[in-house]
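What follows is a short report on a single structure.
Take a look at the structure:
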């Protein structure tokens, strides 16, 4: 709920991806929606999410806040792990910068009733994502 409220405050759209979606499906969603960030948990069932994120894009030269070195996902910059696993180029949520409202670095955003806050994706039996 905090993420939803924060996203609405700064004018972001949350793209919610079913945890059953495979790495290829997550990559497709990130590209299709032009996502600027990916927040993920450490594990889902027996799968290590860190390894899945590493398979989505090359993190060997990636540093927090840089653009991901992938021409198909030029907007992707922020990779946030809510778990405890150290992954090169990925910031852990517990180290995420704390927002300081003064001075306000965020521009004023006027929202309308047509603005979308959440775009949900579900996964099919084969792990593909769909809206």
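Residue numbers (my numbering): 1 to 131. Think of the CB as a built atom: it goes at the ideal place given N, C-alpha and C, for glycine as much as any other residue.
>> The beta strand (DSSP E) that contains residue 80, what's its start and end?
In response: 78-81
> Taking the runs of the alpha helix (DSSP H) that are 4 residues or longer, which of them lie wholly in the segment 10-64?
Replying inline: 23-33 and 49-56
> If you count every other CB in all the chains shown that lies within 10 Å of the CB of residue 38, and 16 or more means buried, which is it?
Replying inline: buried
> In three-state terms, what does DSSP make of residue 134?
Replying inline: The structure shown has nothing for residue 134, since the chain only spans 1 to 131.
>> Can you give me the C-alpha to C-alpha distance between residue 175 and residue 131, rounded to a whole angstrom?
In response: Shown here, the chain extends from 1 to 131; a query on residue 175 therefore has no answer.
>> Taking the alpha-carbon of residue 114 as reference, which of 11, 126, 124 and 82 has the nearest alpha-carbon?
In response: Taking residue 114 as reference, the option from 11, 126, 124 and 82 with the minimal CA-CA separation is 11.
> If you draw a straight line from the alpha carbon of residue 72 to that of residue 31, how long is it in whole angstroms?
Replying inline: 6 Å
>> So if DSSP puts residue 123 in a beta bridge, which residue, or which two residues, is it bridged to?
In response: 129
> For residue 143, which beta-bridge partners are listed by DSSP?
Replying inline: Residue 143 cannot be examined here, being either before or after the span of the chain that is shown, 1 to 131.
>> Taking the straight line between their C-alpha atoms, what separation do you get for residue 49 and residue 112?
In response: A direct Cα-to-Cα measurement between residue 49 and residue 112 gives close to 35 Å.
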